[in-house]
Structure formats: C-alpha cells, structure tokens
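Quick mapping for you: the protein sequence lines, in order, are chains A and B. Okay, so the first sequence: first residue is 114 according to the working numbering, each after it adds one. Okay, so the second sequence: first residue is 114 according to the working numbering, each after it adds one.
2 protein chains.
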Amino acid sequence: MSVTEFARQAPAGADIAAEMAAIGRAARAAAHTLGLASTDAKNRALIAAAATTRDNANGILSENAADVDEVAGQGATPAFIDRLTLTAERVEAMAHGLEEVAALPDPVGTVIAAWDRPNGLRIERVRTPLGVIGIIYESRPNVTADAGALCLKAGNAVILRGGSDSFRSSTAIHRCLVEGLTEAGLPPEAIQIVPTRDRAAVGLMLTGLEGTIDVIIPRGGKSLIKRVQDEARLPVFAHLEGVCHVYVHEAADLAMAKEITVNAKMRRTSICGAAETLLVDRSVAGTHLKPVVEALVAAGCAIRGDEATRAAVANVTPAIEADWSCEYLEPIIAVKVVDGIAEAIAHIERYGSHHTDAIVTADQAAADRFLAEVDSAIVLHNASTQFADGGEFGMGTEIGIATGRLHARGPVGVEQLTSFKYRVRGSGQVRP
Amino acid sequence: MSVTEFARQAPAGADIAAEMAAIGRAARAAAHTLGLASTDAKNRALIAAAATTRDNANGILSENAADVDEVAGQGATPAFIDRLTLTAERVEAMAHGLEEVAALPDPVGTVIAAWDRPNGLRIERVRTPLGVIGIIYESRPNVTADAGALCLKAGNAVILRGGSDSFRSSTAIHRCLVEGLTEAGLPPEAIQIVPTRDRAAVGLMLTGLEGTIDVIIPRGGKSLIKRVQDEARLPVFAHLEGVCHVYVHEAADLAMAKEITVNAKMRRTSICGAAETLLVDRSVAGTHLKPVVEALVAAGCAIRGDEATRAAVANVTPAIEADWSCEYLEPIIAVKVVDGIAEAIAHIERYGSHHTDAIVTADQAAADRFLAEVDSAIVLHNASTQFADGGEFGMGTEIGIATGRLHARGPVGVEQLTSFKYRVRGSGQVRP
Numbered sequence: 114m115s116v117t118e119f120a121r122q123a124p125a126g127a128d129i130a131a132e133m134a135a136i137g138r139a140a141r142a143a144a145h146t147l148g149l150a151s152t153d154a155k156n157r158a159l160i161a162a163a164a165t166t167r168d169n170a171n172g173i174l175s176e177n178a179a180d181v182d183e184v185a186g187q188g189a190t191p192a193f194i195d196r197l198t199l200t201a202e203r204v205e206a207m208a209h210g211l212e213e214v215a216a217l218p219d220p221v222g223t224v225i226a227a228w229d230r231p232n233g234l235r236i237e238r239v240r241t242p243l244g245v246i247g248i249i250y251e252s253r254p255n256v257t258a259d260a261g262a263l264c265l266k267a268g269n270a271v272i273l274r275g276g277s278d279s280f281r282s283s284t285a286i287h288r289c290l291v292e293g294l295t296e297a298g299l300p301p302e303a304i305q306i307v308p309t310r311d312r313a314a315v316g317l318m319l320t321g322l323e324g325t326i327d328v329i330i331p332r333g334g335k336s337l338i339k340r341v342q343d344e345a346r347l348p349v350f351a352h353l354e355g356v357c358h359v360y361v362h363e364a365a366d367l368a369m370a371k372e373i374t375v376n377a378k379m380r381r382t383s384i385c386g387a388a389e390t391l392l393v394d395r396s397v398a399g400t401h402l403k404p405v406v407e408a409l410v411a412a413g414c415a416i417r418g419d420e421a422t423r424a425a426v427a428n429v430t431p432a433i434e435a436d437w438s439c440e441y442l443e444p445i446i447a448v449k450v451v452d453g454i455a456e457a458i459a460h461i462e463r464y465g466s467h468h469t470d471a472i473v474t475a476d477q478a479a480a481d482r483f484l485a486e487v488d489s490a491i492v493l494h495n496a497s498t499q500f501a502d503g504g505e506f507g508m509g510t511e512i513g514i515a516t517g518r519l520h521a522r523g524p525v526g527v528e529q530l531t532s533f534k535y536r537v538r539g540s541g542q543v544r545p
Numbered sequence: 114m115s116v117t118e119f120a121r122q123a124p125a126g127a128d129i130a131a132e133m134a135a136i137g138r139a140a141r142a143a144a145h146t147l148g149l150a151s152t153d154a155k156n157r158a159l160i161a162a163a164a165t166t167r168d169n170a171n172g173i174l175s176e177n178a179a180d181v182d183e184v185a186g187q188g189a190t191p192a193f194i195d196r197l198t199l200t201a202e203r204v205e206a207m208a209h210g211l212e213e214v215a216a217l218p219d220p221v222g223t224v225i226a227a228w229d230r231p232n233g234l235r236i237e238r239v240r241t242p243l244g245v246i247g248i249i250y251e252s253r254p255n256v257t258a259d260a261g262a263l264c265l266k267a268g269n270a271v272i273l274r275g276g277s278d279s280f281r282s283s284t285a286i287h288r289c290l291v292e293g294l295t296e297a298g299l300p301p302e303a304i305q306i307v308p309t310r311d312r313a314a315v316g317l318m319l320t321g322l323e324g325t326i327d328v329i330i331p332r333g334g335k336s337l338i339k340r341v342q343d344e345a346r347l348p349v350f351a352h353l354e355g356v357c358h359v360y361v362h363e364a365a366d367l368a369m370a371k372e373i374t375v376n377a378k379m380r381r382t383s384i385c386g387a388a389e390t391l392l393v394d395r396s397v398a399g400t401h402l403k404p405v406v407e408a409l410v411a412a413g414c415a416i417r418g419d420e421a422t423r424a425a426v427a428n429v430t431p432a433i434e435a436d437w438s439c440e441y442l443e444p445i446i447a448v449k450v451v452d453g454i455a456e457a458i459a460h461i462e463r464y465g466s467h468h469t470d471a472i473v474t475a476d477q478a479a480a481d482r483f484l485a486e487v488d489s490a491i492v493l494h495n496a497s498t499q500f501a502d503g504g505e506f507g508m509g510t511e512i513g514i515a516t517g518r519l520h521a522r523g524p525v526g527v528e529q530l531t532s533f534k535y536r537v538r539g540s541g542q543v544r545p
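Here it is as structure tokens:
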C-alpha cells in the first residue's frame with residue numbers, strides 16, 4: 114500500500130471507530146432507560162415488533178432475495194444459501210418467536226435470595242439487567258430478531274452485528290424491532306444494528322467499545338466463535354464445540370441404551386448437543402456393544418471404532434486419535450470400549466468439550482459419581498444429550514449454550530442475560 | 114539495549130513464560146482433584162494450615178522482618194511499611210482467619226435450584242468450583258492466607274502473586290498452607306505462589322496462562338486494579354473505587370441522617386464502603402443540612418461544599434468539579450444540595466462508581482425508587498454504606514467487593530467463587 118492509499122484509508126478507520134463508539138454510548142444510555150422499563154412496555158415493544166414483522170414480510174423477503182442473489186453470484190454453497198434464505202414461513206416463525214419472548218416471565222426485579230441479619234438489616238439479592246450485550250452472528254438473519262428480543266426482555270440494550278452477507282435482511286428485520294420499541298415508547302437505541310459491512314466493526318466490538326459493552330455473544334460457526342474467544346477483551350458467552358458423550362455403563366438397560374444412544378446421535382446430527390462419542394463398558398461389550406452399534410448403523414450412522422469395537426462388530430472403520438475429539442455434526446460416531454466408569458470419566462475429561470455428557474445405567478451410585486465427576490455444563494443420567502437446550506430445560510427460548518464457567522453456563526436464556534444487585538433495608542443501622 | 118543484552122534477556126523471558134505455563138497446568142490438574150475433594154478434607158487442610166502458621170510464627174516474622182528491612186532501606190512510607198509489617202497478633206489473626214474459613218459452609222454441591230419437566234426429567238442446578246483463580250496483590254502478606262483459604266474452601270486451585278516487597282513473608286505463609294494441604298492429602302499445587310519477583314509474571318497471569326486461569330482477583334491500590342482491569346484478557350472480580358453516596362431525602366429523620374452520615378463517612382475512612390459524597394434535598398437544606406454537616410465536622414471531617422452548602426454552613430471549602438468523583442479515603446466529604454430524588458439519582462449515576470449508595474428517608478416510595486433506580490452493586494435504605502462487606506452481609510469472610518456486572522457483584526465470598534452445572538436425571542427420556 115502506498116502512503117497515499119494509507120492516508121486515504123486512515124480517516125475511514127478513524128470514522129468507524131468513532132461511529133462504533135457512538136453506538137456504544139447510545140446503547141449504554143438506552144440500557145439505563147431500559148433497566149427501568151416496565152414489563153408491560155417491553156412486552157408491547159415485542160408484540161408490536163412481531164406485528165410489524167408480519168406487515169413487512171414482503172419487504173423483508175425482497176431484501177433477503179437481494180442478499181441471496183449477491184452470494185449466489187459469488188458461488189456460495191447450498192448450505193450457506195439455505196442458512197441465509199428467508200421464506201414466508203421463516204418470517205412468520207420469527208414473528209412468533211418475538212411473541213414467545215413477550216410471553217416469558219420478566220426476570221428483572223425478581224428477588225433471587227433474601228435474608229435478615231441479626232442487626233435487623235434485610236438483605237435482598239435482586240435481578241437487574243446485565244447492561245449492554247454485543248451479538249456477533251453470521252448468515253442467519255433471524256438471529257437479529259431472536260437475539261434482539263431476548264436481550265430486550267431482560268432489560269438489556271443490544272448491539273447486533275450480523276454477517277455482511279445478510280446485511281440487507283438483518284437491516285430490514287432490525288427496522289421492525291425499532292418500530293416496536295418506538296410504539297412502546299422505549300428508546301430506539303435499545304436495539305442497534307451496526308450500519309456497515311466493514312469487518313473492522315467486529316474487532317472494535319471485541320474491545321468493548323470503550324467499556325460500553327458488558328458481554329459478547331457470538332452465534333455462528335467455529336471460526337467465528339474461535340476468533341471471538343481469542344480476541345475478545347471482555348466476557349464471552351459461547352461454546353466452541355459440543356463433543357458430547359453417551360456412556361453405556363455395565364448396569365445399563367440395553368433397550369434404554371439403544372434408544373438413548375440413537376436419539377443422542379441421530380435425532381439431529383447438526384446441533385451442539387448431538388452425541389459424538391459412545392463409550393461402552395468392557396464388561397458389557399459382549400451383550401450391549403453390538404446391539405447399540407447395530408441400532409446406530411440401522412439409523413444411518415457411520416461408526417469409527419477402537420479395536421475392541423471392531424472385534425465385536427463387523428465392518429467398522431478404525432478410529433484414529435483425532436476421532437475422540439471430533440465434533441462431527443454428521444451421522445458419524447466414534448465408539449470406544451472402556452474399563453469402567455473411571456476410564457469413561459477420564460476419557461471425557463481428556464477429549465470432551467465440557468458441554469453435555471450422559472450416562473446410561475440402572476446403578477444409582479454409578480450415576481451419582483458420573484454426575485458429580487464429569488465437569489460439563491450439563492450432565493445427564495438416563496436421558497439423551499439432545500435435551501441440551503434452553504427450551505427443553507423450561508427456560509423458554511435460548512440464545513445459545515455456554516461452556517465457560519463464569520456467570521452463564523449451559524443454556525443461556527433470558528435469566529442468564531441478567532445481573533443482580535443487593536438491596537438492603539434498615540431502620541437506622543450504623544456499623545459498630 | 115544492545116543486541117547482545119537483548120539476546121541475554123530473551124531466554125529469561127522464555128523461561129518465565131514456560132515456568133508460569135507449568136504453574137497454570139499444575140493448577141488446572143489440582144483444580145480437578147480439588148473439585149472432587151470432600152468438605153472434610155478441605156477443612157482439615159485449613160485447620161492444619163492454621164496450626165502450622167502458629168507453629169511457624171517466629172519463622173514468618175523473621176522473613177517478614179527481612180522484607181521490612183529491605184523496603185525501609187529504600188525509603189518506603191510509614192503507611193507502606195505498616196501494610197507490610199506482620200506482628201505476632203497479625204499472624205494469630207491470619208491463623209484464626211483460616212479456621213473461620215474452615216467453619217464456613219461448603220458451597221460446592223449445593224443445589225441452587227431444582228425443577229421437574231413435563232417429560233419427567235428432573236433438572237438441578239448445582240454449585241461447582243470455578244476452577245483456577247489468580248490472585249494478584251501487593252504488600253499485605255496476610256492476603257496469601259486469606260485469599261488462599263477462600264479459594265480452597267470453594268474447591269478452587271489458586272495461583273498467588275504477591276507484591277515483590279513482601280516476597281519472603283508471602284512465601285513463608287504459603288509454606289504453611291502447603292503443609293496443610295499435604296496433611297489433608299490434597300495436592301500441594303492447589304495453592305501455588307509465583308516463585309519469582311519478576312514482574313513479567315503478572316503480565317503472563319493477565320493473559321490467563323494459556324487458558325488455565327478462569328478469573329483474576331486483584332487486591333491492592335488503584336494503580337494495580339487499573340492495570341489489571343486494563344490488561345486482563347480474562348474476567349476480573351474487582352472494584353476500581355468506591356465513590357459512595359449518602360442521600361438525605363426530604364423525608365429523612367434528622368437524628369438518623371446525622372448518625373448514618375457520620376458513620377458512613379467516619380467509622381473508617383479508608384475502606385471502599387466509606388461515603389465520599391453527601392447529597393441533601395434542597396427542601397430540607399434549612400433543617401437538615403447544617404446539623405448533619407456540623408456533626409461531620411464535630412467528628413473531625415473536612416467539608417467540600419457546593420454553593421448552597423456554603424450558604425447554609427460557615428467555613429466550608431468550595432467544592433470543585435473533581436470533588437464529585439473523588440474517592441478521598443480520608444476524613445473529607447463532598448456535600449451537594451440537590452433538587453429532589455431525580456437529581457440525586459442522576460448525580461450518583463454520573464459521578465458514582467456503582468459500588469454502594471444509601472438513602473435516608475421515612476418515605477417508603479422514595480426509598481423503593483432509590484433502591485430500584487440507583488445502579489450500584491449495593492443500595493441501602495436507612496443504613497450506613499459501611500455495611501458494604503461480606504462479613505456484614507453474613508457471607509463469612511470476603512475476598513473483596515466487585516462492581517462488575519458479571520458473575521460476582523458486591524461482596525465476593527466463598528459462594529461467589531463457585532460456578533455451577535446442570536444435573537439432569539431421567540428414566541430413559543429421548544427428545545422427540
């Protein structure tokens with residue numbers, strides 16, 4: 114780059130930094146208002162946004178068609194185009210999603226704990242909004258509505274940064290959310306979208322926009338999550354991958370082991386809670402291994418087995434070391450025979466991703482040990498790993514699953530998007 | 114620096130990076146063991162550490178004397194030397210502190226919430242350790258024992274990095290903690306101290322030691338906290354300052370206003386919960402302002418007043434803009450007359466530090482509004498800001514107060530040093 118070129122670009126860089134900082138300040142100011150907004154106002158905004166989304170479905174679809182045309186011309190894969198494409202049904206699902214978030218209980222103001230002190234002070238721990246949330250996502254334009262709604266419900270301001278490929282779609286959806294805010298008398302800056310495709314905006318968000326963003330939530334593929342986790346200078350709610358295990362313990366009921374394993378792997382193979390590795394106790398390799406693997410094969414699953422598995426079942430591809438930590442997200446499973454629960458737990462600790470792991474057993478003591486010792490966000494006994502989902506947990510909709518150990522772990526729903534403060538009520542107490 | 118000098122230094126940098134990374138890995142491994150340790154084992158370690166501390170009091174004191182000699186020779190201030198100096202009483206207090214932490218309830222394994230799903234799944238949210246905690250502190254050697262004990266009780270491994278001035282003292286105290294761990298059969302790597310005075314160690318800890326540290330807690334002066342908050346690439350539990358307010362509302366009982374204000378400011382002026390600014394409603398400036406200010410003056414406090422305050426009370430130094438955001442930590446208070454609760458709340462939002470703020474009023478609606486709208490970790494009604502303390506909250510001892518909005522806000526006690534996971538118990542459920 115020549116000096117002249119650099120000089121021409123420099124102001125642009127400064128401009129976007131200034132623009133993003135202004136977005137951050139506006140979000141912080143809106144967060145203050147939003148933190149005090151009534152449940153009713155927030156719900157009215159969501160319901161009005163849903164109505165506006167339905168009213169503007171054609172406009173959203175035509176903006177989306179322009180996005181799709183552009184990437185199709187650039188040779189995008191069918192899977193990419195599918196993620197990007199909106200249909201009338203998908204727009205309706207988005208509007209319905211906004212109404213579902215309106216129907217969720219408002220977490221703000223909930224008393225989480227309360228106790229009295231000997232000096233008569235009454236202490237309450239009460240939920241507050243988190244503040245300002247930055248959402249960085251990729252091609253799915255519906256994240257605009259889903260994430261924006263969840264953040265709003267918890268009283269947070271949100272800064273949305275969608276994929277540049279879905280820029281027109283996300284912008285059109287964002288306009289509906291802003292219309293909802295305005296109709297409810299809430300500040301439009303409560304839900305902002307980064308108004309440029311410039312990738313520098315992401316880097317700026319990851320530095321926290323001069324302290325105005327409290328947490329970043331990335332939504333998308335592994336390369337996005339990894340970049341955000343590596344570069345963010347502020348807390349991130351995310352999981353990089355879900356290398357989930359089903360462990361068939363020696364005391365497992367065979368029919369249950371088959372049903373849970375097939376469901377955990379094959380119900381949907383592309384979700385983070387899908388099982389990627391099956392561990393089977395050596396003592397039941399003779400009775401359980403073959404029928405469970407055959408059930409997987411019958412369901413269309415390919416097997417990568419260790420030596421013991423290949424000894425027990427014909428036509429199994431040998432597993433290599435990389436298989437034990439592979440998140441296939443496809444109808445493939447790695448299968449390993451282990452010498453009991455200690456080896457199973459050690460294997461999960463070594464190769465897993467601390468996301469979701471399950472044991473199948475009729476032995477309560479073994480189940481208790483597994484649930485205590487496996488260090489994952491979600492541990493299950495006699496249930497499918499595919500239950501790793503905020504909706505299935507009864508949290509309403511979720512913004513994702515977090516495997517970090519701070520603040521939010523497991524499904525991140527509206528409650529996990531809150532903070533808290535202490536309210537102390539006295540009658541003139543002073544400290545001795 | 115010449116190239117030769119650089120070449121000679123480079124390996125040292127590489128050495129400390131490798132050494133710190135090894136400390137991180139050892140901490141992570143110890144955290145795994147510690148997460149499964151029984152309450153009894155952790156308590157035995159703490160009680161044995163207390164006994165060892167008492168047995169080795171003379172050795173600790175002589176190491177401390179060497180530290181004190183060194184800094185005294187370098188012209189340290191009396192306040193600095195006081196913070197660094199241990200006495201027989203201070204060593205005994207440290208040993209007693211270890212026993213107090215042993216007596217606290219163990220948070221690990223506590224079921225925080227539990228609910229049943231319509232499909233029969235039982236979901237429990239259960240406390241787990243956080244993992245590995247990095248403590249960066251300054252001259253007070255007792256932090257070694259206090260922080261080490263709290264982290265251990267919550268099942269965490271800890272990496273301690275004390276001030277280079279208290280290196281010998283902290284190392285001697287650390288040996289007692291390790292003796293306690295060993296006697297209880299727990300891994301000695303559960304509590305490690307950085308074995309070098311090299312300041313590069315701090316920078317390395319702030320990058321998370323290759324993902325082995327989960328959270329950093331700084332203990333010390335503002336410059337340390339600021340450096341940690343600015344440079345850390347991982348979550349930090351801390352507060353930079355406590356610019357705490359007492360707001361005397363128009364419906365305040367005068368005697369209560371006097372007592373709370375004097376206590377909030379003067380009980381101990383050097384703690385973060387000490388009041389730094391007094392706000393008084395204009396409608397009671399005639400009745401309340403003068404007696405409250407005179408009570409402060411009588412208690413030895415200097416006043417920096419706005420115009421209205423100076424009109425009401427003689428001999429008050431004029432406040433300048435910087436006074437409103439000043440954390441004096443001394444017997445000085447800024448006093449401002451406000452036009453009602455909205456201005457009081459706006460002032461606190463603008464100049465405060467989101468730490469601890471109090472309203473004095475007999476008007477319940479005003480109190481409720483203040484407690485709802487003031488965005489601080491702790492908000493009090495009719496009680497002194499000096500109650501901002503984990504012990505006063507009934508949490509047992511605390512490691513500090515956090516003003517961040519994620520995970521820990523307010524006093525950070527043993528419970529705030531935990532994470533959680535979801536335990537799900539089923540009877541063969543698969544996801545439809």
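Backbone N, C-alpha and C define an ideal beta-carbon position, used for all residues, glycine too.
Quick check: the Cα distance between residue i and residue j, rounded to an integer number of angstroms?
{"i": "ASN156/A", "j": "ALA216/A", "result": "8 Å"}
{"i": "THR141/A", "j": "VAL245/A", "result": "It is worth fixing the name first, because residue 141/A is Arg in this sequence and not Thr. Rounded to whole angstroms, ARG141/A to VAL245/A spans 6 Å at the Cα level."}
{"i": "GLY539/A", "j": "VAL356/B", "result": "21 Å"}
{"i": "GLN187/B", "j": "LEU392/B", "result": "43 Å"}
{"i": "GLY210/B", "j": "GLY386/B", "result": "22 Å"}
{"i": "ILE514/B", "j": "HIS468/A", "result": "31 Å"}
{"i": "VAL349/B", "j": "GLY321/A", "result": "15 Å"}
{"i": "THR146/A", "j": "ILE136/A", "result": "16 Å"}
{"i": "HIS352/A", "j": "ARG522/A", "result": "9 Å"}
{"i": "LEU299/B", "j": "ALA267/A", "result": "42 Å"}
Is the separation between the beta-carbon of residue i and that of residue j shorter than 9 Å?
{"i": "GLU354/A", "j": "GLU440/A", "result": "yes"}
{"i": "HIS287/A", "j": "ILE304/A", "result": "yes"}
{"i": "ILE458/B", "j": "PHE483/B", "result": "yes"}
{"i": "ILE248/A", "j": "ALA260/A", "result": "yes"}
{"i": "VAL525/B", "j": "GLU505/B", "result": "no"}
{"i": "GLU308/B", "j": "THR284/B", "result": "Checking the sequence shown, residue 308/B turns out to be Pro, not Glu. For PRO308/B and THR284/B, yes; Cβs fall inside 9 Å."}
{"i": "LEU149/B", "j": "ALA432/A", "result": "no"}
{"i": "THR59/A", "j": "ALA364/A", "result": "Since the first residue shown for chain A is 114 and the last is 545, residue 59/A is missing from the structure and cannot be characterised."}
Please decide whether residue i counts as near chain B, where near means a Cβ-Cβ distance under 9 Å.
{"i": "ARG121/A", "result": "Below a pLDDT of 50, predicted positions are generally treated as unreliable, and ARG121/A, at 35, falls in that range; the measurement from the model is reported next regardless. It does not: the Cβ of ARG121/A has no partner Cβ on chain B nearer than 9 Å."}
{"i": "ASP366/A", "result": "yes"}
{"i": "MET133/A", "result": "no"}
{"i": "TYR360/A", "result": "no"}
{"i": "GLU486/A", "result": "yes"}
{"i": "GLU505/A", "result": "yes"}
{"i": "TRP437/A", "result": "no"}
{"i": "GLU546/A", "result": "Past the boundaries of the shown model lies residue 546/A; chain A is included only from 114 to 545, so the question cannot be answered."}
Step through the CB atoms of chain A and report whether any lies within less than 9 Å of the CB of residue i.
{"i": "THR241/B", "result": "yes"}
{"i": "ASP502/B", "result": "yes"}
{"i": "PRO348/B", "result": "yes"}
{"i": "ALA143/B", "result": "no"}
{"i": "GLU511/B", "result": "no"}
{"i": "ASP327/B", "result": "yes"}
Could you spell out the range, first to last residue, of the alpha helix (DSSP H) harbouring residue i?
{"i": "THR241/B", "result": "It is not in any alpha helix (DSSP H) - THR241/B instead sits in the beta strand (DSSP E) that spans 235 to 242."}
{"i": "HIS460/B", "result": "454 to 464"}
{"i": "ASP229/B", "result": "Segment 224 to 229 is the beta strand (DSSP E) holding ASP229/B; no alpha helix (DSSP H) there."}
Taking buried to mean at least 16 other C-beta atoms within 10 Å of its own C-beta, is residue i buried or exposed?
{"i": "VAL450/B", "result": "buried"}
{"i": "ASP278/B", "result": "buried"}
Can you name the start and end residues of the beta strand (DSSP E) that residue i belongs to?
{"i": "HIS494/A", "result": "491 to 496"}
{"i": "ILE249/A", "result": "245 to 250"}
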